[in-house]
Amino acid sequence: MDIKNEENADVKPDAIVVVKQEEQHPVDITVKEEKECIEKCNGETSDDVKPDENGRMECEIDMKESDDYDELNELISDEVKNGQDSANADKKLETLQIAIKQLYNDPSFAVVCSFFNKFACFLGIKPQNFNKLERLLTSFHETGRVDRELIDLHLTLLRKLNYKSARVNGWERYLLKYCSLNQSLESEYLNIERYGYLHSSINTKLAVLKTLCENQFDYNIKFKDSVS
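According to our numbering, the sequence shown is numbered sequentially starting from 250.
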């Protein structure tokens, strides 16, 4: 580029006239503008400042490497995932607290606990305390399944009532058959048939378990003789 002084024109002290060789027409760039451009380049030398297509000085600013952006995206993804996990954990905890509250608000829970504490030994069952029964009856939302111990508890009570063929596989079918033969469990039968035992209400589960316990006094002759 050629720098040319104009003899008949007033030249401002803070400006220079730049003439591009290929276009042969002057473009005014003030010293202040050039200084600001250089400062934008974070202290880079003037060699890093190049004229744009209009002849103005322009800074070349290096972009971050793609792996830096990938690392940032992974960090954001992890934060989102952790947030979702935390939200899911909070939801499970809230559901568990509701289930426990419903459990203790139902008088049937106290009856069931009392029965197993007093008479479990006559049925060949280990005593079941409040804490254990609470866990068995409220762990569905956390595990997504019916605890095997709870299944075995139902099967033992069913077999003592002459449902000798009751097995783990298809245990719910035997439970439905038992409910269908008890008029007091009509609504529980419909509930389990429609939603399955896993998704039935805590009140339904307690009503069925309580009736199974009480029927031992009516139809389990060996048990009656042992406790009398």
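Ideal placement from N, C-alpha and C gives every residue a C-beta, glycine not left out.
Given the structure is predicted, the values throughout are model-derived calculations rather than measurements.
If residue i and residue j are in contact, beta carbons under 8 Å, what's the gap, nearest whole angstrom?
i, j, result
"T344", "H390", "5 Å"
"L385", "L399", "4 Å"
"K409", "N366", "The Cβ separation is near 17 Å, so there is no contact."
"I451", "D355", "7 Å"
"F371", "S475", "5 Å"
Considering residue i, what are the terminal residues of the alpha helix (DSSP H) in which it resides?
i, result
"L455", "I451 to Y468"
"L424", "W420 to S429"
"F363", "Reading off the sequence, residue 363 comes out as Ser, not Phe. Unbroken alpha helix (DSSP H) run through S363: P356 to F368."
"K409", "No alpha helix (DSSP H) contains K409, which DSSP labels as neither H nor E."
"L439", "E435 to H448"
"L372", "Element bounds for L372: n/a, residue is neither H nor E."
Would you check if the distance between the CB atom of residue i and the CB atom of residue j is smaller than 8 Å?
i, j, result
"T387", "L352", "yes"
"L424", "H403", "yes"
"Y444", "Y427", "no"
Return the chain-ordered list of same chain residues with a C-beta closer than 7 Å to the C-beta of residue i, the five sequence neighbours on each side being excluded.
i, result
"A369", "K375, P376 and Q377"
"K473", "F466"
"V361", "L382, L455, L458, K459 and C462"
"F358", "L352 and L455"
"A415", "L404, L407, R408 and Y423"
"N431", "T460"
"N464", "L410"
Ignore the nearest five residues each way along the sequence and tell me which others in residue i's own chain have a CB closer than 6 Å to its CB.
i, result
"R394", "none"
Short of 8 Å in beta carbon distance, which residues of its chain neighbour residue i, apart from the five on each side in sequence? Order them along the chain.
i, result
"G373", "T405"
"Y446", "V395, E421, L424 and K454"
Would you tell me roughly how many angstroms separate the C-alpha atoms of residue i and residue j, rounded to the nearest one?
i, j, result
"A336", "S436", "35 Å"
"A338", "R397", "24 Å"
Does any heavy atom of the ligand NAD sit closer than 7 Å to the C-beta of residue i?
i, result
"C362", "Although the ligand NAD was asked about, the structure shown includes no ligands whatsoever."
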